[in-house]
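Student: Those sequence lines, one after another, are chains A and B. Mapped onto this note's numbering, the consecutive letters of the first sequence carry residue numbers 8 to 383. Mapped onto this note's numbering, the consecutive letters of the second sequence carry residue numbers 36 to 305.
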Amino acid sequence: MASLTIKGLTKRYGETAAVESLDLEVKDKEFVVLVGPSGCGKTTTLNSIAGLVEIDEGEIWFGDELVTSPERGISKIPQEREVAMVFQDYAIYPHMTVFGNIAFPLEIRKVNKREIEARVRKAAQLLEIEELLSRKPKALSGGQRQRIALGRAMVRDPKIFLLDEPLANLDAKLRVRARVELRKLQQELGVTAIFVTHDQVEAMTIGDRIAVMNDGHLEQMGTPSELYHNPRNRFVAGFIGSPSMSMLEGRLEEKNGDLVIDLKFCVYKLPKKARELMKKTTLSEVILGIRPENIVITKESKGRRPEPVEGNSFEATIVHIELTGKESNVHLEAGGSPLIAIRSSTQDLRAGDKVWLSFDEEKIHVFDQKSGKALL
Amino acid sequence: MKTPKLGRTILYILLGLFAVLSLLPLWSCVVTALKTSKEVILTTPVTFPLHPTLAPLMESLGYLKRPLTNSLVLVGSGIMVSCFFGSILGYVFSKRRFRGSTLLLILVILCLYIPPQVQLIPMVQTMSKMGLHGNLGSLVLLYMIFGTPMCTFIFKTLYDEVPDSFINAAKVDGAGTWTIYRRIMLPLSVIPFVVAALLQITVIWNDYIWGLVLTVGKANLPVTVAMANLRGSFVAEWNLQMAGALWVALPTLVIFIFLGKYIMRGYAGM
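(1) Can you name the residues that DSSP bridges to residue 323 (chain A)?
(2) Determine the direct distance from the alpha carbon of residue 297 (chain B) to that of residue 305 (chain B), and round the result to whole angstroms.
(3) Strictly below 7 Å CB to CB, what residues from chain B border residue 385 (chain A)?
(4) For the region 191-207 of chain B, list every residue whose C-beta sits within 8 Å of some C-beta in chain A, in sequence order.
(5) Less than 9 Å between the C-beta atoms of residue 203 (chain A) and residue 74 (chain A), yes or no?
(6) Are the beta-carbon atoms belonging to residue 206 (chain B) and residue 102 (chain B) less than 9 Å from one another?
(7) For my contact list, residue 47 (chain A) and residue 197 (chain A) are in at a C-beta cut-off of 8 Å; report their separation, rounded to the angstrom.
(8) Using the beta-carbon count (16 or more within 10 Å), is residue 133 (chain B) buried or exposed?
(9) Could you say which of B:285, B:282, B:273, B:100 lies nearest to residue 77 (chain B) if we only look at CA atoms?
(10) Taking DSSP as the reference, what is the three-state secondary structure of residue 54 (chain A)?
(11) So, is the C-beta of residue 305 (chain B) closer than 9 Å to a C-beta in chain A?
(12) Below 7 Å on C-beta distance, what does residue 111 (chain A) contact in chain B?
(13) Mind checking whether residue 108 (chain A) and residue 149 (chain A) have CB atoms under 9 Å apart?
(14) Would you tell me roughly how many angstroms separate the C-alpha atoms of residue 196 (chain B) and residue 97 (chain A), rounded to the nearest one?
(15) With C-beta atoms as the reference, is residue 100 (chain B) less than 9 Å away from residue 88 (chain B)?
(16) Do you know how far the Cα of residue 63 (chain A) is from the Cα of residue 19 (chain A)?
(17) Which word fits residue 263 (chain A), buried or exposed, when buried means at least 16 other C-beta atoms lie within 10 angstroms of its C-beta?
(18) Going by C-alpha to C-alpha distance, which of A:57, A:243, A:277 sits closest to residue 257 (chain A)?
(19) Quick one: what does DSSP say residue 334 (chain A) is sitting in, helix, strand or coil?
(20) Note down, in chain order, each residue of its chain lying with its Cβ closer than 7 Å to the Cβ of residue 153 (chain A), except the 5 sequence neighbours on either side.
(21) Do residue 174 (chain B) and residue 234 (chain B) have their C-beta atoms within less than 9 Å of each other?
(22) Determine, using beta-carbon pairs with one atom in the region 274-281 of chain B and one in the region 133-144 of chain B, whether at least three such pairs fall under 8 Å.
(23) Taking Cβ to Cβ, would you say residue 88 (chain A) is nearer than 9 Å to residue 111 (chain A)?
(24) Could you check the C-alpha separation between residue 240 (chain B) and residue 165 (chain A) for me, to the nearest Å?
(25) So which of A:209, A:131, A:90 has the shortest CA-CA distance to residue 182 (chain A)?
(26) Compare the C-beta of residue 222 (chain B) with all C-beta atoms of chain A and state if any pair is closer than 9 Å.
(27) Counting C-beta neighbours from all protein chains within 10 Å, is the total for residue 101 (chain A) 16 or more, i.e. buried, or is it exposed?
(28) Consider the Cβ of residue 137 (chain B): report whether some Cβ of chain A lies at a distance smaller than 9 Å.
(29) Out of curiosity, what's the CA-to-CA distance linking residue 85 (chain A) and residue 247 (chain A)?
(30) Cutting at 6 Å between CB atoms, please list the residues of its own chain near residue 211 (chain A), excluding the five before and the five after it.
(31) According to the Cβ coordinates, are residue 183 (chain B) and residue 116 (chain B) closer than 9 Å?
(32) Can you check which of these residues, A:216, A:261, A:356, is closest to residue 291 (chain A) by C-alpha distance?
(33) So which residues of chain B does residue 225 (chain A) contact, with C-beta pairs closer than 9 Å?
(34) Whole angstroms is fine: what's the gap from residue 333 (chain A)'s alpha carbon to residue 358 (chain A)'s?
(35) If you draw a straight line from the C-alpha of residue 212 (chain B) to the C-alpha of residue 43 (chain B), how long is it?
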């Protein structure tokens, strides 16, 4: 019922396109995250869905109801769309009590007083803010404000929830808790939700599916695991995952019947499987990508080189070691290129040490340097 | 550390001197208003009255009663109408921008910079054609119109501080333009209303030229013009004039003392 379909959405501000021919499909009761760096068009997309900005081209459907289509002259005003929105600054009206804030959309719709009272109480109960109802929002904390904003969105029973970075203003600890609660709430209410964030960790943990946007385009849409393990291009690969994927520039070549990538400081032999998959690709400049957890660090023992793993290992220098708690991020440098690896124990490693690196063959990624498209 | 201390002392002496200089007219006004006509002639304007009397104050109040009421009417009607329109226009210019609205706003603000001198004759002619020349109605209308650009500007700048998300949230929640104004903007407008009203009070209350050219007859005069008429025809009755000036200055003086910070906000365009 409350699915959302966007076809070819384009929104221009003057000469520059904030969003360009965006296609997006959100299923009923799905939690979809729009993620991307700032200025990528995610908020514009959200505002277009809400009807707060007029789009230049494309169509927006709520279920089988066409709400926006400049070609057909249809543009429902926000008031007529059954969406609720939570803003980054929460937009809590300072002159109303918490009750007044939550009741506001109902009062405007001329719902009768007893019904308003009942619905606001129910929402407040669910959000555990009952004791705040008679207070003015001035002295409330970020977390409480966020709940009020959610309450105001909930009371209307909207078809679609639009959330514009609602967790950005919370402190780190609260954010993790709010993430879980928000997800639980969405499932309890059984609503479709579209959540905008620039934080890929937030996107990965909260979304059923994630739409990665960049420069007004949709780069890839898929489940968190799809995006992490099978990024369609270099941008998605670099954006999703923290610490991010290490990227090494090189040239795809054929040597003795093997497919190799010449990284200048090392000739990396691709596994047999890659050969099959990359049959059609022409030899060209490529990028070898590897996630931090798939880099194996071996310590060089006193003057004696450890056995190179199938010839695919090379020397690197440790630049810096960051302890993140359970694990450490090891910043390395090999042939002028930076790499990041994750290791659970780094007691044997020191900054400045020379070490040997090898990659988990199954987990390497290869991208075309020009188009950025994933080749493997 | 010696030089700054010395500098500070000199600064305070200078500031004190300036304070005395600028308060001198007020002092002179007060003491003269408390003197009898005879004492005014016999003493200097700064000496304290030997036989203080309230007679000049009472007499001038009697004369100024009607003009004071007139000015109150002007201020009241002027504030209400120009604040009302200023607030709505400010809302439109700040939150409901449309094609050409910036140009329109610039035109509205330009109105503030047209000197009254060039408008005197056209205004008198216009008011005459409308049949309003000579009575208070002309001034009522004039201040209502002349106050609106200033009020629009004040409301616009203060409404700019209200986050756009308030408006967008209300829109998504189902509120139309008018509901948003009434339920969101208006309750948040206490400060712009105070600032705009105070500026209008001082402008209208202190205005002289428009009252002089547009109104005729004591019944129609605003207080500033009536006060000027207090000077006698043959002899200057300084005590009466000063007492009148006190009555005229009193309301604005009180406002500046208690609400001056709001006026500063208005001038600073905050």
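Glycine is no exception: its CB is placed at the ideal position from the N, C-alpha and C atoms. Keep in mind it's a predicted model, so treat the numbers as computed, not measured.
Tutor: Answer, in terms of the structure:
(1) On the first sequence, position 316 is the one that residue 323 (chain A) refers to. Looking at the DSSP assignment, residue 323 (chain A) forms a beta bridge with A:362.
(2) Start at 1 with the first residue of the second sequence, and residue 305 (chain B) comes out as number 270. Start at 1 with the first residue of the second sequence, and residue 297 (chain B) comes out as number 262. The pLDDT assigned to residue 305 (chain B) is 47, lower than 50, so where the model puts this residue is not dependable; a value taken from the coordinates is nonetheless given after this. Spanning the alpha carbons of residue 305 (chain B) and residue 297 (chain B) requires a straight line of approximately 10 Å.
(3) Since the first and last residues shown for chain A are 8 and 383, residue 385 (chain A) lies out of range.
(4) Residues of the region 191-207 of chain B with a C-beta atom less than 8 Å from some C-beta of chain A are 198, 200, 201, 203, 204, 205, 206, 207, listed in chain order.
(5) Position 196 of the first sequence, counted from the start, is the residue given in the question as residue 203 (chain A). Position 67 of the first sequence, counted from the start, is the residue given in the question as residue 74 (chain A). Not closer than 9 Å, so no.
(6) If you number the second sequence from 1, residue 206 (chain B) lands on position 171. If you number the second sequence from 1, residue 102 (chain B) lands on position 67. Contact flag unset, no.
(7) Taking the first sequence and counting its residues from 1, the one referred to as residue 47 (chain A) is at position 40. Taking the first sequence and counting its residues from 1, the one referred to as residue 197 (chain A) is at position 190. Rounded to the nearest angstrom, the Cβ distance from residue 47 (chain A) to residue 197 (chain A) is 30 Å, too far for a contact under 8 Å.
(8) Along the second sequence, one-based indexing puts residue 133 (chain B) at 98. The residue is exposed, with fewer than 16 neighbouring Cβ atoms inside 10 Å.
(9) Here residue 77 (chain B) refers to the residue found at position 42 of the second sequence. When B:285, B:282, B:273, B:100 are compared, the shortest CA-CA separation from residue 77 (chain B) is found for B:273.
(10) Stepping through the first sequence from its first residue, residue 54 (chain A) is reached at position 47. It is helical.
(11) To locate residue 305 (chain B), count along the second sequence from 1; it is residue 270. Here residue 305 (chain B) scores only 47 on pLDDT, less than 50, and its place in the model should not be relied on; the value that follows carries that caveat. No, residue 305 (chain B) does not count as interfacial toward chain A.
(12) Locating residue 111 (chain A) in the first sequence gives position 104, counting from the first residue. In chain order: 208.
(13) Walking along the first sequence from the start, residue 108 (chain A) turns up at place 101. Walking along the first sequence from the start, residue 149 (chain A) turns up at place 142. In this structure, residue 108 (chain A) sits away from residue 149 (chain A), with a CB-CB distance that is not shorter than 9 Å.
(14) Indexing the second sequence from 1 puts residue 196 (chain B) at position 161. Indexing the first sequence from 1 puts residue 97 (chain A) at position 90. A straight-line Cα-Cα distance of about 16 Å links residue 196 (chain B) and residue 97 (chain A).
(15) Walking along the second sequence from the start, residue 100 (chain B) turns up at place 65. Walking along the second sequence from the start, residue 88 (chain B) turns up at place 53. Not in contact: residue 100 (chain B) and residue 88 (chain B) (Cβ atoms no closer than 9 Å).
(16) Reading the first sequence from its first residue, position 12 is the one you call residue 19 (chain A). Reading the first sequence from its first residue, position 56 is the one you call residue 63 (chain A). Residue 19 (chain A) and residue 63 (chain A) have their C-alpha atoms roughly 7 Å apart.
(17) As a working mapping, residue 263 (chain A) is identified with position 256 in the first sequence. Residue 263 (chain A) should be labelled exposed.
(18) Within the first sequence, numbered from 1, the residue matching residue 257 (chain A) stands at position 250. That would be A:277, whose Cα lies nearest to the Cα of residue 257 (chain A).
(19) Taking the first residue of the first sequence as 1, we reach residue 334 (chain A) at position 327. In the three-state reduction of the DSSP assignment, residue 334 (chain A) falls in the coil class.
(20) Counting from 1 along the first sequence, the entry for residue 153 (chain A) is found at position 146. These residues qualify, in order along the chain: 97, 173, 177, 185.
(21) For this step, residue 174 (chain B) is matched to residue 139 along the second sequence. For this step, residue 234 (chain B) is matched to residue 199 along the second sequence. No; because the gap between Cβ atoms is not below 9 Å, this pair is not in contact.
(22) Because the criterion of three Cβ pairs below 8 Å is not met, the region 274-281 of chain B and the region 133-144 of chain B do not touch.
(23) Position 81 of the first sequence, counted from the first residue, corresponds to residue 88 (chain A). Position 104 of the first sequence, counted from the first residue, corresponds to residue 111 (chain A). No, these two residues do not count as a Cβ contact at 9 Å.
(24) As a first step, residue 240 (chain B) is located in the second sequence; it is residue number 205 there, counting from the start. As a first step, residue 165 (chain A) is located in the first sequence; it is residue number 158 there, counting from the start. The alpha-carbon atoms of residue 240 (chain B) and residue 165 (chain A) are separated by roughly 54 Å.
(25) Counting from 1 along the first sequence, the entry for residue 182 (chain A) is found at position 175. For residue 182 (chain A), the nearest C-alpha among the options comes from A:209.
(26) Working through the second sequence from its first residue, we reach residue 222 (chain B) at position 187. For residue 222 (chain B), the nearest beta carbon of chain A is closer than 9 Å to its own beta carbon.
(27) For the purposes of this step, residue 101 (chain A) is taken as the residue at position 94 of the first sequence. Residue 101 (chain A) is exposed by the Cβ-count criterion.
(28) Taking the second sequence and counting its residues from 1, the one referred to as residue 137 (chain B) is at position 102. Under the Cβ distance rule, residue 137 (chain B) does not count among the residues neighbouring chain A, no pair being separated by less than 9 Å.
(29) By one-based count along the first sequence, residue 85 (chain A) stands at place 78. By one-based count along the first sequence, residue 247 (chain A) stands at place 240. Rounded to whole angstroms, the separation of the alpha carbons of residue 247 (chain A) and residue 85 (chain A) is 33 Å.
(30) As a working note, residue 211 (chain A) is residue 204 in the first sequence. So the qualifying residues of the chain are 231.
(31) Sequence index remark: in the second sequence, residue 183 (chain B) carries index 148 (1-based). Sequence index remark: in the second sequence, residue 116 (chain B) carries index 81 (1-based). The answer is yes: Cβ separation under 9 Å.
(32) Counted from its first residue, the first sequence places residue 291 (chain A) at position 284. Residue 291 (chain A) has its Cα closest to that of A:261, out of A:216, A:261, A:356.
(33) Within the first sequence, the letter at position 218 stands for residue 225 (chain A). Within 9 Å Cβ-Cβ: nothing; residue 225 (chain A) doesn't reach chain B, min ~24 Å.
(34) Indexing the first sequence from 1 puts residue 333 (chain A) at position 326. Indexing the first sequence from 1 puts residue 358 (chain A) at position 351. Going from the Cα of residue 333 (chain A) to the Cα of residue 358 (chain A) covers about 19 Å.
(35) Position 177 of the second sequence holds residue 212 (chain B). Position 8 of the second sequence holds residue 43 (chain B). If you take the alpha carbons of residue 212 (chain B) and residue 43 (chain B), they lie about 56 Å apart.
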